[in-house]
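In the working numbering, the protein residues as written are 3 to 254. By construction, the Cβ of each residue, glycine as well, lies at the ideal position given by its N, Cα and C atoms.
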Amino acid sequence: MSEVRVFLSGCMGRMGRVITEMCAEYDDTVIVAGSDVVENPNSTFPIYKDPMDCKEEVDVIIDFSHVSAFAKITEFAEKRNIPIVMCTTGLSDEQKTELEALSKKVGVFYSGNMSLGINVLIKLVREAAAKLYPDFDIELVEEHHNKKLDAPSGTALMIADAMNESVDNQLEYVYERQSKRQKREKKELGIHSIRGGNIVGEHKVMFIGGEEILTISHSAQTRNVFGRGAVAAAKFMLGKGPGMYDMQAMLG
Ligand SMILES: NC(=O)c1ccc[n+]([C@@H]2O[C@H](COP(=O)([O-])OP(=O)(O)OC[C@H]3O[C@@H](n4cnc5c(N)ncnc54)[C@H](O)[C@@H]3O)[C@@H](O)[C@H]2O)c1
3 MSEVRVFLSG CMGRMGRVIT EMCAEYDDTV IVAGSDVVEN PNSTFPIYKD
53 PMDCKEEVDV IIDFSHVSAF AKITEFAEKR NIPIVMCTTG LSDEQKTELE
103 ALSKKVGVFY SGNMSLGINV LIKLVREAAA KLYPDFDIEL VEEHHNKKLD
153 APSGTALMIA DAMNESVDNQ LEYVYERQSK RQKREKKELG IHSIRGGNIV
203 GEHKVMFIGG EEILTISHSA QTRNVFGRGA VAAAKFMLGK GPGMYDMQAM
253 LG
């Protein structure tokens, strides 16, 4: 198989650098160009401020950037007819709707978390919520590094949405308990964000019954876990036509 030619959006960020190092080690993927607001004269590939200036042939786009890059990178995917692996979190509801619309024209892989472990956790909490709610209260705690911009994490919302789906969308998300001075209601799903140091990503779901507590948690040890998932998704998207794809689709 020939090399998958990747365009890396947000190439100068933490995840961008992880992907750059990974692709340098792999024989079957090569980064042909990238985009970022930050420059790097020593980069091994051209970095564009506007992806539409890219002159290189591209098979797949990987985006680990920022919501402010969304309009330009999705325009690039649409106009050049290139499948995109969208990993940036914190997208607005409007941007998610635009991503759905884009998926009618090109392949869109979208996941708030590219790790295998989290996607298994999602299956587990879906089942636990269906069995334990409403007898058990459900609370979700997520922890990330102090540079993270969005809260709660995209992964926390993925986990919350999966549980909510399994209980016919009865849950109401509560982010700030201090703003409502009243007793916890059954339908509440408390979501709590902790930010500090270099925490890569911790997610813990607690099912709290009167006499027992079930905790299901995941701990990302390094950012490589997301990088590996994103590169695998890029290979998976090679030659894929229009449609929405996710980790569940890739893992079969
Ligand atoms: N889906 C996942 O599994 C997963 C895993 C880790 C991180 N993320 C998400 O990926 C994104 C990037 O994470 P990170 O830790 O690398 O962040 P980061 O802040 O280190 O990197 C973001 C990069 O994007 C660039 N950028 C910002 N605005 C831009 C714009 N308008 N145009 C072009 N480039 C722009 C920045 O200069 C920076 O180099 C975040 O949204 C994060 O939450 C997702």
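Cβ-Cβ distance between residue i and residue j below 8 Å
i	j	result
I193	V207	no
I161	L142	yes
A35	S117	no
M24	G203	no
D139	I210	yes
G92	D55	no
F66	G18	yes
K74	D95	no
N200	H147	yes
I33	F47	yes
S105	A132	no
V69	T90	yes
Local Cβ density within 10 Å of residue i, reported as buried at 16 or more and exposed below that
i	result
G12	buried
V39	exposed
P136	exposed
G114	buried
D29	exposed
Residue interval of the alpha helix (DSSP H) (run including residue i)
i	result
V227	N226 to M239
K125	L118 to L134
E84	The sequence given here has Ile at residue 84, not Glu. I84 -> no alpha helix (DSSP H), and no H or E assigned at all.
S195	That residue, S195, is in no alpha helix (DSSP H); its beta strand (DSSP E) goes E190 to R197.
M252	M249 to L253
Helix, strand or coil at residue i [DSSP, three-state]
i	result
T217	strand
L10	strand
V202	coil
G114	coil
L104	helix
F209	strand
G15	coil
Range of the contiguous beta strand (DSSP E) that encloses residue i
i	result
S37	T31 to S37
V60	Run containing V60: none; DSSP gives neither H nor E here.
Problem - Unbroken stretches of the alpha helix (DSSP H), 4 residues or longer, contained in the stretch 128-183 - result: 156-168
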